[in-house]
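**Student:**
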Ligand SMILES: Nc1ncnc2c1ncn2[C@@H]1O[C@H](COP(=O)(O)OP(=O)(O)O)[C@@H](O)[C@H]1O
Ligand SMILES: Nc1ncnc2c1ncn2[C@@H]1O[C@H](COP(=O)(O)OP(=O)(O)O)[C@@H](O)[C@H]1O
Ligand SMILES: [Mg+2]
Ligand SMILES: [Mg+2]
Ligand SMILES: [Mg+2]
Ligand SMILES: [Mg+2]
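Residue numbers (the numbering used here), protein chains in the order written: chain A, 15 to 346; chain B, 15 to 346; chain C, 40 to 242; chain D, 40 to 242.
#1: What are the residues of the segment 75 to 100 of chain D that lie near chain A, defined by any Cβ-Cβ distance shorter than 8 Å?
#2: Compute the minimum distance between the beta carbon of residue 229/D and the heavy atoms of ligand 2, and state whether it is under 7 Å.
#3: Identify the continuous alpha helix (DSSP H) that holds residue 71/D and give its terminal residues.
#4: Would you please verify whether the beta carbon of residue 101/A is less than 8 Å from any beta carbon of chain D?
#5: Given a limit of 7 Å on CB to CB distance, which residues of the segment 271 to 305 of chain A reach chain B?
#6: I'd like to know whether the C-beta atoms of residue 154/B and residue 233/B end up nearer to each other than 8 Å.
#7: Where do the N-terminal and C-terminal ends of the alpha helix (DSSP H) with residue 174/B fall, by residue?
#8: Starting from residue 32/B, trace the alpha helix (DSSP H) in both directions and tell me its first and last residue.
#9: Is there at least one Cβ from chain A nearer than 8 Å to residue 160/D's Cβ?
#10: Is residue 119/C close to ligand 1? I mean its beta-carbon at under 7 Å from any heavy atom of the ligand.
#11: List, in chain order, every chain B residue whose beta-carbon is nearer than 7 Å to that of residue 208/A.
#12: List the residues that DSSP assigns as beta-bridge partners of residue 275/B.
#13: Could you check whether the segment 191 to 205 of chain A touches the segment 221 to 235 of chain A, counting it as contact only if at least three pairs of C-beta atoms, one from each stretch, sit closer than 8 Å?
#14: Counting only Cβ pairs nearer than 8 Å, list the residues of chain B close to residue 313/A.
#15: Going by C-alpha distance, which of 184/C, 152/C, 105/C is nearest residue 90/C?
#16: For residue 116/D, which residues in chain A fall below 7 Å Cβ to Cβ?
#17: Within 8 Å (strictly less), CB to CB, does residue 131/A reach chain D?
#18: Using a threshold of 8 Å, state whether the C-beta atoms of residue 279/A and residue 317/A are closer than that.
#19: Taking 6 Å as the limit between beta carbons, can you name the residues of its chain near residue 1/D, skipping five residues before and five after?
#20: What residues of chain B sit near residue 324/A, judged by a beta carbon separation below 7 Å?
#21: For residue 123/B, verify whether its CB is less than 7 Å away from any heavy atom of ligand 3.
#22: For residue 249/B, which three-state DSSP category applies?
#23: In whole angstroms, give me the CA-to-CA distance for residue 215/B and residue 122/C.
#24: Assuming contact is defined by CB atoms lying nearer than 8 Å, are residue 339/B and residue 60/B in contact in what I supplied?
#25: For ligand 2, I want to know if residue 277/B counts as a neighbour, meaning its beta carbon is within less than 7 Å of at least one of the ligand's heavy atoms.
#26: Using only the alpha-carbon positions, how far apart do residue 116/D and residue 323/B sit?
#27: So within the segment 182 to 255 of chain A, which uninterrupted alpha helix (DSSP H) runs reach at least 4 residues, ignoring any that extend past its ends?
#28: Secondary structure at residue 146/B, three-state DSSP: helix, strand or coil?
#29: Quick one, which residues of the segment 239 to 255 of chain A are near chain B if we go by CB-CB under 8 Å, in chain order?
#30: Chain A partners of residue 345/B, CB-CB under 7 Å?
#31: Report yes or no: is there a C-beta of chain A within less than 8 Å of the C-beta of residue 229/D?
#32: Note the first and the last residue of the continuous beta strand (DSSP E) segment covering residue 88/A.
#33: Is the CB of residue 347/A under 8 Å away from at least one CB in chain D?
#34: Could you check whether the Cβ of residue 36/B sits closer than 8 Å to any Cβ belonging to chain E?
#35: According to DSSP, what are the bridge partners of residue 65/A?
#36: Helix, strand or coil: which one does DSSP assign to residue 108/D?
Pasting the structure below:
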């Protein structure tokens with residue numbers, strides 16, 4: 015994997031410098047650590063803040079989604095490493111406008127620990143927080159252990175839906191309830207074709223044969239459910255839909271949004287080929303697709319592969335999904 | 015290069031099926047060939063139409079940019095191959111709303127020939143056309159032979175600026191004049207780190223060593239100006255700015271927009287590292303940067319590498335750049 | 040035997056060419072694959088199949104038949120060769136529109152006009168090692184005689200000659216130009232198409 | 040010699056630990072690199088350097104010194120080990136806040152509370168082959184005697200023992216779990232940190 019960078023250890027800080035320089039209308043770097051980013055605009059008094067965070071290397075996740083109708087602030091770690099509890103606390107303080115702050119992030123050990131610690135820190139400063147973990151990757155644990163699943167592209171729906179709810183001046187409990195509903199309604203599964211390289215490590219996250227793919231692999235190279243020869247797009251899509259709808263059965267008449275997401279190198283052309291199959295397949299099940307998302311929404315730098323997320327909608331979630339949002343990477 | 019696809023020969027048609035299925039609010043497939051895409055909305059009577067086209071494999075270029083404030087219709091060829099003159103003529107007919115049609119596309123032999131032929135075809139049907147070629151790649155010919163240069167990411171500015179002018183109900187001559195001014199104001203240079211694979215060919219477009227990059231290489235693998243070891247991001251950025259501003263000198267007080275564009279696999283993290291340097295470098299020259307674009311605007315599937323485009327602005331171009339536009343890949 | 044090219048003769052020739060292109064497709068793809076995108080055989084087969092599918096409905100008008108042939112290529116191909124071929128055919132179609140027979144002696148002029156149109160379209164020159172050089176060889180041979188058999192014999196020799204002469208030059212046009220010196224020692228694929236067409240017609 | 044742990048004794052110990060971590064950084068990075076992201080040495084060095092930079096300004100309050108140490112890690116690291124260490128230190132800080140001396144016999148309880156906090160934070164269990172098992176070994180050794188020297192001797196032996204016992208088990212927590220069987224036969228890097236700390240303190 016070839017990269018355009020300077021000093022590997024400066025990767026994240028230089029990236030954030032560039033991000034904030036390119037989009038000062040969206041992003042504001044917070045003083046102390048330089049690893050917390052808030053919306054450029056001051057928070058609306060009383061609005062519930064939404065904070066996320068995690069390791070770098072997943073743009074637009076996490077930082078990119080700071081913006082109206084989405085996140086209020088974000089803590090950013092090194093590539094694939096949790097930010098520190100202090101950085102999270104700083105993001106939480108920036109997001110607090112008196113209405114409390116929802117901590118909404120992916121279910122990874124380090125992030126969970128640090129957000130817990132950060133919540134304790136700001137609790138002493140009388141900032142109320144609620145925590146919702148995104149755990150949508152069906153490959154990472156069985157249906158009986160959903161709380162152990164990793165968070166992947168489902169983050170995008172969680173941000174969007176909770177973000178829209180917060181923008182409507184709902185209370186912390188209400189925003190957290192929508193976030194929980196979003197998490198309960200999302201299922202994701204990925205397929206990896208090539209690894210990526212963490213700049214500071216300088217070697218690929220895993221090895222895989224030239225003609226192979228790994229079904230269910232995690233975005234940091236966590237082992238998946240099966241490795242085998244690369245199969246045709248339609249077969250991959252079919253297996254993905256089957257796995258997701260087995261975990262979350264859909265009935266005729268159901269409405270869903272789907273996210274066909276590239277892990278990085280896989281181009282949109284291929285995503286559209288997959289979307290074509292998925293949308294027909296869902297239609298054949300009597301399920302209608304609303305506001306599909308196709309593109310690079312949650313990535314692992316230059317990793318090749320894609321993921322499919324199905325988000326089941328009810329009237330409330332559909333309205334929240336279609337509500338406006340605005341960041342440098344996504345506008346509705 | 016690993017790909018998620020079905021039959022390689024179905025790549026483009028399946029991609030277009032998916033694109034139109036995912037975004038029916040933006041894209042409408044025209045009947046006869048299935049290789050011409052128009053805006054979903056009927057054209058405004060009297061508005062000048064803008065048509066582009068070229069080979070597939072460059073999303074969002076070309077088809078993705080069909081949308082309000084951008085293109086009206088597009089003809090799409092096989093991967094890296096010109097569409098046929100008939101397909102172009104079909105796109106031109108769809109874009110015509112009585113005000114004439116601007117043919118705005120990159121300077122590649124096949125596309126030029128076929129658009130010429132298409133223009134002759136629709137001329138017999140009394141559709142007035144004007145042609146502006148985008149030729150922004152400084153690596154592809156010297157300053158004395160600008161008309162021989164290839165068109166690369168500068169297409170994006172040409173679409174945006176001419177598209178905004180057309181939306182303001184300007185005449186064909188006026189829209190063509192803005193397009194020409196856009197082309198005259200844009201310079202691009204790219205660096206390639208890895209090749210990509212044309213699905214039907216099944217082999218990489220070129221070979222390159224594990225630690226090498228090629229400065230000035232074209233988006234289809236056309237030879238560049240120099241091959242050598244991969245250098246730090248800042249040095250690459252420095253050389254790019256130097257080459258571009260040598261070709262189009264900038265004065266203190268000048269305003270530009272810049273596009274830091276990924277060729278596909280190169281992630282936005284790296285683009286922001288480069289943007290960080292470019293924006294500082296221009297600021298040090300007394301040049302101010304307006305509405306920078308950082309992302310995947312003109313790609314070559316899974317190719318790794320990036321390009322830098324500088325677009326010099328005057329009051330008119332700046333206003334047109336900031337005018338609204340809306341397609342599935344870009345909204346202003 | 041008629042004094043010139045009739046729509047019927049033309050259709051007979053087209054059938055022979057179509058057969059030949061099916062047979063030569065793999066060879067042409069391979070030649071073009073070495074120096075380009077490998078679609079030259081596909082381009083020819085797609086155009087020819089469209090012609091074959093419609094040929095029975097072609098009118099008794101040389102110009103209209105040529106126009107239909109041109110359209111068979113503009114509809115099915117955006118590749119350089121298809122577009123140039125269509126350009127040449129279109130030029131000849133305009134000059135012969137409404138005529139059911141075209142005297143053989145007009146052939147060199149028709150070819151010359153087609154060559155001009157193709158040159159204008161492709162912005163290449165004679166000597167650039169493209170199909171243009173082969174077309175010029177056919178035109179030159181055709182101007183040596185008023186008899187179609189002799190024209191074809193001369194064309195065969197003329198095309199072979201110009202190919203020999205150019206083989207060791209580098210390509211200067213199209214995708215092959217990118218390969219630069221790799222093209223030295225190789226025949227230009229577009230010239231090979233013309234060679235196969237002449238061969239097919241001369242039986 | 041005082042009857043317990045004073046802020047001054049603690050500072051002396053911290054200086055020894057900081058020195059040791061500089062010396063062990065490469066070893067720790069390498070151990071963590073084989074089964075994780077290779078940042079364990081970096082985590083320790085960053086935290087320790089922050090401590091060293093501030094240590095002269097630390098107040099005469101055991102709890103406050105421990106809190107400062109905890110903050111040195113929450114500020115500089117988001118890695119598991121840094122966060123767990125901070126969690127343990129924070130727990131001890133709360134229990135000793137405002138005191139300039141803490142009797143040695145309270146140490147086992149403080150370590151037990153720290154262990155509880157770390158267990159709750161990391162959701163791992165004793166026996167999972169993590170730093171927790173080493174902390175437990177230190178706690179057990181400290182409860183065998185009221186004398187700091189004997190405590191350290193016991194800890195050295197106890198940590199070595201538990202490491203021997205766990206070496207051939209697979210990792211069950213953190214990134215190392217992903218490597219599964221590759222972790223069999225290898226010491227847990229987090230336990231090695233505790234081993235180096237005990238060694239540094241026992242001189
Ligand atoms: N500019 C040009 N003018 C005339 N002939 C050309 C030109 N470029 C290419 N050719 C001819 O076309 C042939 C290649 O045709 P084709 O495979 O259709 O090109 P491509 O697939 O690259 O568009 C070449 O062998 C050459 O004879
Ligand atoms: N859940 C856990 N509970 C307790 N200790 C853990 C846990 N996960 C990892 N550890 C310890 O942390 C060490 C790794 O720390 P560190 O390198 O900071 O992790 P990472 O970089 O993966 O976040 C392991 O060797 C182990 O001792
Ligand atoms: Mg070709
Ligand atoms: Mg071609
Ligand atoms: Mg580590
Ligand atoms: Mg770490």
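Here a beta-carbon is modelled for each residue, glycine too, at the ideal position from N, C-alpha and C.
Just so we're clear, the structure is a prediction, and the values are computed from it rather than from any experiment.
**Tutor:** Reading it off the structure:
#1: 76, 77, 78
#2: yes
#3: 46 to 74
#4: yes
#5: 278, 279, 280, 281, 282, 283, 284, 286, 287, 288, 289, 290, 293
#6: no
#7: 168 to 181
#8: 25 to 36
#9: yes
#10: yes
#11: 16
#12: 309/B, 321/B
#13: yes
#14: 281
#15: 105/C
#16: 98
#17: yes
#18: yes
#19: Since the first residue of chain D shown is 40 and the last is 242, residue 1/D is not available in this structure.
#20: Under the 7 Å cutoff, chain B gives no residues; its nearest Cβ is about 15 Å from residue 324/A.
#21: no
#22: helix
#23: 21 Å
#24: no
#25: no
#26: 38 Å
#27: 186 to 199
#28: strand
#29: 244, 246, 247, 248, 250
#30: 345
#31: no
#32: 87 to 93
#33: Residue 347/A lies beyond the range of chain A shown here (15 to 346); nothing can be said about it.
#34: Judged by its chain identifiers, the structure shown contains no chain E, and its protein chains are A, B, C and D.
#35: 87/A, 117/A
#36: helix
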